[in-house]
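Q:
In the numbering used here, the protein residues as written are 34 to 325.
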């Protein structure tokens with residue numbers, strides 16, 4: 034199948050690089066400002082605020098700061114709702130992946146991060162990381178917005194024995210996209226997940242673990258969820274987690290909600306739910322200049 038009109042050809046499949054969640058703290062520190070655009074009650078499309086570039090029909094972005102550390106090169110990005118848009122109706126800024134284009138070549142991102150739920154009039158705070166010592170002078174940060182996605186849910190039942198380990202679980206999402214759960218460990222305290230995109234571009238993968246057949250009351254039902262899950266949703270009826278940005282691969286911890294499984298009343302089975310959303314097409318690239 035050829036590319037959808039308006040999409041970019043992707044001549045390469047980016048290498049899978051495990052994201053480092055600690056970089057989020059760096060991003061929080063170095064991003065200083067979010068610009069808010071005024072609300073316009075008509076259909077006139079206005080230019081982005083000064084220094085901002087329109088990345089989608091509703092969201093503008095600009096590079097705020099570049100920081101280099103011994104382990105990574107970090108680029109801080111702020112976004113704002115386009116002045117012609119209605120901030121209350123703007124969805125999160127979904128960028129499939131970023132590249133750093135410099136006179137010496139193009140480098141794929143290592144990872145991207147954002148403050149969950151910071152949307153609307155305040156835009157979002159974004160972090161994009163690249164390998165250490167990546168040159169940025171005279172370069173541009175290039176955004177590839179997600180255009181088409183496919184998703185699926187896979188469920189597995191495991192014996193009740195703890196700890197449990199799964200490895201090399203391949204999930205075919207569709208449209209020639211597959212994700213591999215490299216490892217999943219589960220114990221009474223939490224767990225650990227590592228996944229990669231084997232075929233395709235980028236994805237996000239949320240793992241939720243339930244302990245079935247215990248006598249624990251429903252409001253405190255034992256459940257393991259990603260560490261980035263919304264604390265307000267850590268209950269027996271949890272159905273969503275705060276979405277992470279798309280990635281080539283990721284490692285994260287599972288944290289426990291509810292009481293630890295009772296050794297005298299163990300669960301009958303352990304239910305693992307793996308939710309995958311993968312990008313199958315991206316919009317034309319948009320370049321954000323990097324200041325000197």
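Note that CB positions come from ideal geometry on N, CA and C, so glycine has one too.
Grab the span of the beta strand (DSSP E) containing residue 216 for me, first residue to last.
A: Element bounds for residue 216: 210-219.
Q: Using CA atoms only, rank isn't needed, just tell me which of 243, 96, 238, 277 is closest to residue 192.
A: Considering only alpha carbons, the answer is 243.
Q: Which class does residue 84 belong to by DSSP, given the choice of helix, strand or coil?
A: Coil at residue 84, not helix or strand.
Q: Looking only at C-alpha atoms, which of 82, 214, 217, 224 sits nearest to residue 116?
A: Out of 82, 214, 217, 224, 82 has the C-alpha closest to the C-alpha of residue 116.
Q: Let's test the definition: count the other Cβ atoms within 10 Å of the Cβ of residue 137 and tell me whether it reaches 16, buried, or not, exposed.
A: Residue 137 is exposed by the Cβ-count criterion.
Q: Sorted by chain position, which residues of the same chain lie with C-beta nearer than 6 Å to residue 175's C-beta, five sequence neighbours on each side aside?
A: Within the same chain, residue 175 has close Cβ partners 132, 134, 318, 320.
Q: What do you get for residue 80, buried or exposed, if any count of 16 or more other CB atoms within 10 angstroms of its CB means buried?
A: Exposed: under 16 other Cβ atoms inside 10 Å.
Q: To which residues of the same chain is residue 270 closer than 7 Å at the C-beta, ignoring the five residues directly before and after it?
A: Residue placement at residue 270 is poorly supported in this model, since its pLDDT is 48, which falls under 50; the coordinates are not used for a value here.
Q: Nearest CA to the CA of residue 158: which residue from 177, 140, 186, 97?
A: Considering only alpha carbons, the answer is 97.
Q: Please state if the CB of residue 234 and the CB of residue 163 are separated by a distance shorter than 9 Å.
A: Result no, Cβ atoms of residue 163 and residue 234 do not sit closer than 9 Å.
Q: Using three-state DSSP, classify residue 255 as helix, strand or coil.
A: Looking at residue 255 - three-state DSSP - the assignment turns out to be coil, as it is neither helix nor strand.
Q: Using CA coordinates, which residue listed in 241, 217, 213, 240 is at the minimum distance from residue 229?
A: Residue 229 has its Cα closest to that of 213, out of 241, 217, 213, 240.
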